[in-house]
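Chemist:
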Amino acid sequence: MYLFVIVDWYSRRIVDYELSSTLEKTFVMDCLKRVLSVRKPEIMNSDQGSHFTNAEYLELLDHANVRVSMDGKGQALDNARTERFFRTLKYDLIYIQEFETPRQLRAGISRYMHEYNTYRPHSSIGDLCPDDVYYGSVFSAA
Numbered sequence: 001m002y003l004f005v006i007v008d009w010y011s012r013r014i015v016d017y018e019l020s021s022t023l024e025k026t027f028v029m030d031c032l033k034r035v036l037s038v039r040k041p042e043i044m045n046s047d048q049g050s051h052f053t054n055a056e057y058l059e060l061l062d063h064a065n066v067r068v069s070m071d072g073k074g075q076a077l078d079n080a081r082t083e084r085f086f087r088t089l090k091y092d093l094i095y096i097q098e099f100e101t102p103r104q105l106r107a108g109i110s111r112y113m114h115e116y117n118t119y120r121p122h123s124s125i126g127d128l129c130p131d132d133v134y135y136g137s138v139f140s141a142a
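Residue numbers (the UniProt record's numbering): 1 to 142.
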């Protein structure tokens, strides 16, 4: 299974995600279109994978006036917040649960995303939860 997430870097909130059993680009495009229909980011950062370098993806962002930022080749630290989320997801859920079916995995990830956004405090945002920051709780960086 393949997971695409859109992370708001300021709040650490998972804005949207899509899980797919194939690597076809449609799951990435569907998720991106949903996000753009609700709230437009200023910049979309990604690695240089084929999903993010294809013309349809780039044109969609261009038409929405969203700037594109791509990590350098082999530079996972350029996308550290997203990479950190994936590490946390693996250690908090994937490595400790046994999912026997894609349906179970989808349900587990759905619960995790809700808990991550709503209840999991982050030291980098003043020990607030991502939803608190994303939806407007007062936060000022030190």
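From the three backbone atoms N, C-alpha and C, an ideal C-beta is built for every residue, glycine too.
#1: Quick check on the burial criterion: 16 or more other C-beta atoms within 10 angstroms. Buried or exposed for residue 58?
#2: In angstroms, rounded to a whole number, what distance separates the CA positions of residue 114 and residue 18?
#3: Taking 8 Å as the limit between beta carbons, can you name the residues of its chain near residue 129, skipping five residues before and five after?
#4: Judging by CA-CA distance, which residue of 107, 97 and 4 is the nearest neighbour of residue 50?
#5: If you draw a straight line from the alpha carbon of residue 40 to that of residue 96, how long is it in whole angstroms?
#6: With a 10 Å radius around its C-beta and 16 neighbouring C-beta atoms as the bar for buried, classify residue 43 as buried or exposed.
#7: Helix, strand or coil: which one does DSSP assign to residue 2?
#8: Residue 54 and residue 79 look like a contact to me (Cβ under 8 Å); what is the Cβ gap, rounded to whole Å?
#9: Restricting to Cα atoms, I'd like to know which of 6, 33, 20 and 134 is closest to residue 47.
Modeler: If we stick to the structure as given:
#1: Within the sequence shown, numbered from 1, the residue matching residue 58 stands at position 58. Looking at its Cβ environment, which holds fewer than 16 other Cβ atoms inside 10 Å, residue 58 is exposed.
#2: Position 114 of the sequence shown holds residue 114. Position 18 of the sequence shown holds residue 18. Rounded to whole angstroms, the gap between the alpha carbons of residue 114 and residue 18 is 14 Å.
#3: Along the sequence shown, one-based indexing puts residue 129 at 129. For residue 129, where only same-chain residues beyond five positions count, the Cβ hits under 8 Å are 117, 118, 119, 120, 121 and 122.
#4: Residue mapping note: residue 50 aligns to position 50 of the sequence shown, counting from 1. Residue 4 is the option with its Cα nearest to residue 50.
#5: Looking up residue 40 in the sequence shown gives position 40. Looking up residue 96 in the sequence shown gives position 96. So the alpha carbons of these two residues sit roughly 35 Å apart.
#6: Mapped onto the sequence shown, residue 43 falls at position 43. Exposed: under 16 other Cβ atoms inside 10 Å.
#7: To locate residue 2, count along the sequence shown from 1; it is residue 2. Residue 2 falls in the strand class under three-state DSSP.
#8: Numbered from 1 along the sequence shown, position 54 holds the residue referred to as residue 54. Numbered from 1 along the sequence shown, position 79 holds the residue referred to as residue 79. Not really, about 18 Å apart at Cβ, beyond 8 Å.
#9: As a position in the sequence shown, residue 47 is number 47, starting the count at 1. The candidate whose alpha carbon is nearest that of residue 47 is 6.
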